[in-house]
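In order, the protein sequences belong to chains E and X. So in the numbering used here the end of the first sequence lands on 687, straight run, no missing numbers. So in the numbering used here the end of the second sequence lands on 687, straight run, no missing numbers. Ideal Cβ positions, reconstructed from N, Cα and C, are used throughout, including at glycine. Take a look at the structure set out below.
2 protein chains.
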Amino acid sequence: MNAFQDHYPENVAHCYGCGRLNAHGHQIKTTWDGDETVTRFRPKPYHLAVPGFAYGGLIASLIDCHSTGTAAAAMYRQEGRGLNTLPAFRFVTGSLHVDFLAPTPIDVTLELRGRVIEIKGRKVIVETKVLAGGIVTARGEVVAVQMPDSFGATPTA
Amino acid sequence: MNAFQDHYPENVAHCYGCGRLNAHGHQIKTTWDGDETVTRFRPKPYHLAVPGFAYGGLIASLIDCHSTGTAAAAMYRQEGRGLNTLPAFRFVTGSLHVDFLAPTPIDVTLELRGRVIEIKGRKVIVETKVLAGGIVTARGEVVAVQMPDSFGATPTA
């Protein structure tokens, strides 16, 4: 129960990328490492771009969820609150940018390292790098926006 | 055999997003509609962000593969060549940007519509919009780069 995602409220813990309650999803786990945040993820053999390399959609997905998790954790930290205190901080993605710097090998555990660039009201800008064997293969920037209270409520028919 | 992806050479037809040979993947299919390109995709029930809405990583993945496919098709069209002629055009993603404009409902068939903004040497810039029930919920821009000949070759150990 040390990862950011372990503390997401149940109604927002179904995300395919980071929800602990999504049995089909990636279920990424992110923690602090000093002022950076870290997620480690091993692609499945079928997460292919071309044989030997991970596909860009997976890289983008990991950056996205790692960054929104980082945004939430940064808000708790800024307020001096524990991740398990209420009301919960939870973020959605306003924009996602990824520069693919080199092909990302598929047969290694990838490391995502995030850092907060700016907190501005309900927005948090996060930079997240993807490393494979210590080499940065992609660099992402996410503008995360604090989730409206209505998002995550049971949708009406 | 009318979709762009049906003509990808076998060694680059394994992508999780768009490869017809990836049994686990999305296997998107893209075609021309005048000067625009169109992909239709129905999210699986587990491609959730929060209940009722599709997760951003899926949206980003669809934009990515739709756009690289569009880039390839645009190069064939520019050269007046059929999609099944050799040498094959195939693109990788240099950068991906997605603005999430509104939550994307999960229980509809999404429509991606792409258009070529610019062809510049080996680079093609593509804008792709995601529509749900006719409403644009995300807007993407991809810089697609013609794949190096070495990419997609059998990787060496």
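Leu578 of chain X places its beta carbon less than 8 Å from that of Asn552 of chain E. Secondary structure of Gly599 of chain E (DSSP, three-state): helix. In the structure shown, Arg607 of chain X falls within a helical segment according to DSSP collapsed to helix, strand and coil. Taking a C-beta cut-off of 8 Å against chain X, the contacting residues of the stretch 613–627 of chain E are Val622, Thr623, Gly624, Ser625, Leu626, His627, listed in chain order. Using a C-beta cut-off of 8 Å, the stretch 661–673 of chain X makes no contact with the stretch 660–674 of chain E, since fewer than three inter-stretch Cβ pairs fall below that distance. Listed as beta-bridge partners of Ile589 of chain X by DSSP are no residues whatsoever. Residue contact with chain X for Asp536 of chain E: absent (no Cβ-Cβ distance below 8 Å to any residue of chain X). Contact between Val673 of chain E and Asp594 of chain E does not hold, since their C-beta atoms are separated by about 11 Å, which reaches or exceeds 8 Å. The beta-carbon distance between Ile558 of chain X and His596 of chain X, rounded to whole angstroms, is 6 Å. This is short enough to meet the 8 Å contact definition.
Look at His544 of chain E: its C-beta is under 8 Å from a C-beta on chain X. Secondary structure note for Ala668 of chain X: its beta strand (DSSP E) is the uninterrupted segment 665–676. The three-state reading of DSSP puts His627 of chain X in strand, counting E and B together. Going by DSSP, Arg572 of chain E is part of no beta strand (DSSP E) at all; its letter is neither H nor E. The beta carbons of His554 of chain E and Tyr576 of chain X sit about 4 Å from each other, so the pair counts as a contact at 8 Å. The stretch 605–615 of chain X and the stretch 611–618 of chain E do not touch, with fewer than three beta-carbon pairs separated by less than 8 Å. Residues of chain E whose Cβ lies closer than 7 Å to the Cβ of Ala590 of chain X are, in chain order, Gly587, Ala590, Ser591, Asp594, Leu626.
Counting only residues of its own chain and dropping the five nearest sequence neighbours on each side, His544 of chain E has a CB closer than 6 Å to the CB of Leu551, Asn552.
At a beta-carbon threshold of 9 Å, none of the residues of chain E lie near Asn532 of chain X; the nearest stands roughly 23 Å away. Taking the Cβ atoms as the reference, Ala601 of chain E lies roughly 22 Å from Phe630 of chain E, outside the contact range of under 8 Å.
Ranked by Cα distance from Asp536 of chain X, the first of X:Gly599, X:Thr567, X:Tyr585 is X:Gly599.
Pairing Thr634 of chain E with Ala584 of chain E gives a Cβ-Cβ distance under 8 Å.
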